[in-house]
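This report refers to the structure that appears directly beneath it.
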Amino acid sequence: MKKIIAIALALVCVFALAACQHRPSNAITVVFDGAGGVTATNKTEVTMEITAGSDFQEPTFTRDGYIFVGWDTDITELTQSCTVKAVWAAENSVRNKIIYDSDGGSAYMGREFYLYVGAEIPALFKPSRGSDKFLGWYLGDKKVEKGEIWQQQETVEITLKAKWSKATKIVFDSDGGLACTSIYLNDGEAIPVLPKPTKGYGSEAAGDNDYRFLGWYYNNAKVEEGAIWQSPEEDEIVFVAKWEKMWTDNY
Numbered sequence: 005m006k007k008i009i010a011i012a013l014a015l016v017c018v019f020a021l022a023a024c025q026h027r028p029s030n031a032i033t034v035v036f037d038g039a040g041g042v043t044a045t046n047k048t049e050v051t052m053e054i055t056a057g058s059d060f061q062e063p064t065f066t067r068d069g070y071i072f073v074g075w076d077t078d079i080t081e082l083t084q085s086c087t088v089k090a091v092w093a094a095e096n097s098v099r100n101k102i103i104y105d106s107d108g109g110s111a112y113m114g115r116e117f118y119l120y121v122g123a124e125i126p127a128l129f130k131p132s133r134g135s136d137k138f139l140g141w142y143l144g145d146k147k148v149e150k151g152e153i154w155q156q157q158e159t160v161e162i163t164l165k166a167k168w169s170k171a172t173k174i175v176f177d178s179d180g181g182l183a184c185t186s187i188y189l190n191d192g193e194a195i196p197v198l199p200k201p202t203k204g205y206g207s208e209a210a211g212d213n214d215y216r217f218l219g220w221y222y223n224n225a226k227v228e229e230g231a232i233w234q235s236p237e238e239d240e241i242v243f244v245a246k247w248e249k250m251w252t253d254n255y
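5 is the number of the first residue of the sequence shown in the working numbering; add one for each residue after it.
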């Protein structure tokens with residue numbers, strides 16, 4: 005009897021190990037919560053294992069007296085295991101047809117989309133525009149946020165406009181120092197810690213290097229880390245390194 009149990013446990017371990025080995029490293033588990041709705045097989049939630057970044061078919065829920073509006077999370081950008089909840093609107097709700105103006109970004113290619121007065125706003129389409137940062141959808145000066153309650157509007161058709169933070173490509177000219185990889189800075193954001201190159205021989209930490217790095221300069225002004233970046237008109241600009249020579253050549 006003990007031998008049979010030992011064999012059974014060994015088989016369980018083998019199958020478990022095999023399952024782990026076949027699970028992709030970027031596989032995530034997503035629980036779709038019907039939030040009052042059910043599937044065709046009367047399930048109130050569906051658990052799916054998907055590969056992050058890949059296409060998949062989400063489950064379909066229905067709910068008596070309600071219209072499915074969307075999900076409370078953008079299911080096109082899932083990167084970690086999570087629970088996604090359905091968002092519903094009462095069938096008799098006033099609705100507004102939503103037009104997305106992405107302002108030069110990627111176009112919305114999905115089915116006609118509506119928001120319902122008195123119902124929660126679901127996760128909205130997220131466009132892209134090169135390296136620019138998407139800040140959200142705006143109705144006039146007001147940002148439209150998921151989770152808020154959609155209010156009565158003056159017209160049936162509503163246009164939401166995308167707002168962006170322009171990205172500027174920064175090329176580093178180290179002026180004879182070690183090369184540095186280009187980065188992007190977004191308008192209105194703090195300048196992060198920038199690369200610190202070296203030049204010549206020796207070590208600055210040890211105090212025996214040939215040159216001391218004074219910082220990066222743009223238009224003859226020093227670029228200060230932590231300052232708020234103001235994007236210029238150009239899409240690409242150059243930061244130039246400034247150096248102080250530490251030794252005098254004697255011949």
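No residue lacks a Cβ here, since even glycine has one placed at the ideal position from N, Cα and C.
Whole-Å CB distance - residue i paired with residue j, under 8 Å assumed
i    : j    : result
W92  : V73  : 6 Å
D214 : K246 : Between K246 and D214 the Cβ distance is about 15 Å, and since that is not below 8 Å, they are no contact.
I162 : A194 : Actually they are not in contact, since the Cβ atoms of I162 and A194 sit about 34 Å apart, beyond 8 Å.
G140 : K146 : Actually they do not touch by this definition, with Cβ atoms about 10 Å apart.
K130 : F138 : 6 Å
For residue i: DSSP bridge partner residues
i    : result
F138 : W168
L143 : K146
A31  : T55
E49  : D37
E240 : K173
Classification of residue i by the beta-carbon crowding that lies within 10 angstroms, buried from 16 upward
i    : result
P236 : exposed
W251 : exposed
V175 : exposed
N269 : Past the edges of the chain, shown from 5 to 255, lies residue 269, and the structure says nothing about it.
P126 : buried
G57  : exposed
L21  : With a pLDDT of 46 at L21, under the threshold of 50, the predicted position of this residue should be treated as unreliable, and no value is reported.
V34  : buried
T172 : buried
D239 : exposed
G180 : exposed
F60  : exposed
S106 : buried
L218 : exposed
K203 : buried
F243 : buried
Where residue i falls: helix, strand or coil (DSSP)
i    : result
V160 : coil
K249 : strand
I125 : coil
A44  : coil
S132 : coil
A22  : Note on A22: pLDDT 46, under 50, position unreliable in the model; the coordinate value appears next. Looking at A22 - three-state DSSP - the assignment turns out to be helix.
Within the stretch 169–238, ranges of the beta strand (DSSP E) (whole runs, at least 3 residues): Every beta strand (DSSP E) of 3 residues or more that sits fully in the stretch 169–238 is shown, in chain order, as 171–177, 187–190 and 215–222.
In chain order, each beta strand (DSSP E) run of at least 3 residues that lies wholly inside the stretch 56–120: Listed in chain order, they are 70–75, 86–94, 99–105 and 118–120.
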